[in-house]
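Line order of the protein sequences matches chains A and B. Each residue of the first sequence is one higher than the last, beginning at 9 in my numbering. Each residue of the second sequence is one higher than the last, beginning at 53 in my numbering. Read through the structure below, which is laid out as structure tokens, and then see the notes.
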Amino acid sequence: GAVVSQHPSWVICKSGTSVKIECRSLDFQATTMFWYRQFPKQSLMLMATSNEGSKATYEQGVEKDKFLINHASLTLSTLTVTSAHPEDSSFYICSARDLDRTGELFFGEGSRLTVL
Amino acid sequence: ELKVEQNPLFLSMQEGKNYTIYCNYSTTSDRLYWYRQDPGKSLESLFVLLSNGAVKQEGRLMASLDTKARLSTLHITAAVHDLSATYFCAVVRNNNDMRFGAGTRLTVKP
Chain A
9 GAVVSQHPSW VICKSGTSVK IECRSLDFQA TTMFWYRQFP KQSLMLMATS
59 NEGSKATYEQ GVEKDKFLIN HASLTLSTLT VTSAHPEDSS FYICSARDLD
109 RTGELFFGEG SRLTVL
Chain B
53 ELKVEQNPLF LSMQEGKNYT IYCNYSTTSD RLYWYRQDPG KSLESLFVLL
103 SNGAVKQEGR LMASLDTKAR LSTLHITAAV HDLSATYFCA VVRNNNDMRF
153 GAGTRLTVKP
């Protein structure tokens, strides 16, 4: 089946630094990818919709300058957490839509960010 | 605004027993998903339900959809320990807007 790969799986960084997370669709092209954040024991919250070749659409309350999203190709979207702080520590999950398979959504493995 | 409510949030049950998890949503939707999540892992797709009356079964899990009632159920039959996980329903509207329920944390005890 379709595979969506995230990298890195987990990352620990110091407060104030920036961290980039990649989301790749390995065997299909994805014009739209989605970024979610999940805090411990909570559900997934949609952060933004990443559109290939255009600006991302952010959900209310999500800071655009804090969470930079770039969708430069049909198989890659990146999420950069800028000037990370401990409250940004979370599990970040991406998903990608395979338009050739009735728009089915496939999820990445997730990236766990810990900010010290 | 699309809202998705799951019930119950926590569920502890004995092996061999049956139970149903409910997922209510507030507006019309394009499709409904059920996912499983193990601790520290991402989501595993269980079912996609597309139309009213849809019923899908895989092993001890069966999902159904009633679009008129805006209700989906995930029924667990003769639970086993391996089913212990968190289960999420998610509803898609306008082909892009996907909202998750709060999740049901299931623990199956021997």
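All C-beta atoms, glycine included, are put in the ideal place defined by N, C-alpha and C. Just so it is clear, the structure is predicted and the values come from calculations on it, not from any experiment.
Original post:
By a C-beta neighbour count over all protein chains shown, 10 Å radius and 16 as the cutoff for buried, is residue 96 of chain A buried or exposed?
Top reply: Within the first sequence, residue 96 of chain A is the residue found at index 88, counting from 1. Residue 96 of chain A should be labelled buried.
**OP:** Could you please tell me which residues of the region 66-84 of chain A, in chain order, have their CB closer than 9 Å to any CB of chain B?
**Re:** none
Original post:
Would the beta-carbon of residue 107 of chain A fall within 8 Å of that of residue 150 of chain B?
Top reply: If you number the first sequence from 1, residue 107 of chain A lands on position 99. If you number the second sequence from 1, residue 150 of chain B lands on position 98. No, Cβ-Cβ distance for residue 107 of chain A and residue 150 of chain B is not below 8 Å.
Original post:
Quick one: Cα of residue 115 of chain A to Cα of residue 24 of chain A, how far?
Top reply: On the first sequence, position 107 is the one that residue 115 of chain A refers to. On the first sequence, position 16 is the one that residue 24 of chain A refers to. Cα to Cα, the separation comes out at about 29 Å.
Original post:
Shortest alpha-carbon distance to residue 123 of chain B belongs to which of B/142, B/63, B/160?
Top reply: On the second sequence, position 71 is the one that residue 123 of chain B refers to. The shortest C-alpha separation from residue 123 of chain B is found at B/142.
Subject >> Ordered list of beta strand (DSSP E) runs contained in the region 20-76 of chain A, each at least 3 residues >> reply: 27-33, 40-46, 52-59
Original post:
Which residues in the same chain as residue 54 of chain B place their Cβ atom closer than 8 Å to its Cβ, once the five residues preceding and following it in sequence are excluded?
Top reply: In the second sequence, residue 54 of chain B corresponds to position 2, counting from 1. Excluding sequence neighbours, residue 54 of chain B sits near 77, 78, 79, 81, 143, 145, 149, 151.
**OP:** At 9 Å on the CB atoms, spell out the chain B contacts of residue 42 of chain A, in chain order.
**Re:** Taking the first sequence and counting its residues from 1, the one referred to as residue 42 of chain A is at position 34. Per Cβ cutoff of 9 Å: 148, 150.
Subject >> Unbroken beta strand (DSSP E) run spanning residue 161 of chain B, endpoints >> reply: The residue you call residue 161 of chain B lines up with position 109 of the second sequence. First-last of the beta strand (DSSP E) with residue 161 of chain B: 156-161.
Subject >> Positions along the region 33-58 of chain A whose CB lies within less than 9 Å of some CB in chain B >> reply: 40, 42, 44, 46, 49, 50, 51, 52, 53, 54, 57
**OP:** Report yes or no: is there a C-beta of chain B within less than 8 Å of the C-beta of residue 61 of chain A?
**Re:** The residue you call residue 61 of chain A lines up with position 53 of the first sequence. Output row for residue 61 of chain A: interface = no.
**OP:** Look up residue 49 of chain B in the DSSP assignment and say whether it is helix, strand or coil.
**Re:** Look at the range of chain B in this structure, 53 to 162, and you will see that residue 49 of chain B is not part of it.
Subject >> Residues in the region 130-146 of chain B having any Cβ partner in chain A nearer than 7 Å >> reply: 140
Subject >> Under 8 Å between C-beta atoms of residue 89 of chain B and residue 159 of chain B >> reply: Counted from its first residue, the second sequence places residue 89 of chain B at position 37. Counted from its first residue, the second sequence places residue 159 of chain B at position 107. No. Outside cutoff.
Original post:
Is residue 95 of chain A helix, strand or coil when you go by DSSP?
Top reply: Walking along the first sequence from the start, residue 95 of chain A turns up at place 87. Helix.
Subject >> Bridge partner(s) assigned by DSSP for residue 87 of chain A >> reply: Sequence index remark: in the first sequence, residue 87 of chain A carries index 79 (1-based). Beta-bridge pairing links residue 87 of chain A to A/29, A/77.
Subject >> Contact check, residue 91 of chain A vs residue 47 of chain A, beta carbons under 8 Å >> reply: In the first sequence, counting from the first residue as 1, residue 91 of chain A sits at position 83. In the first sequence, counting from the first residue as 1, residue 47 of chain A sits at position 39. Contact: no.
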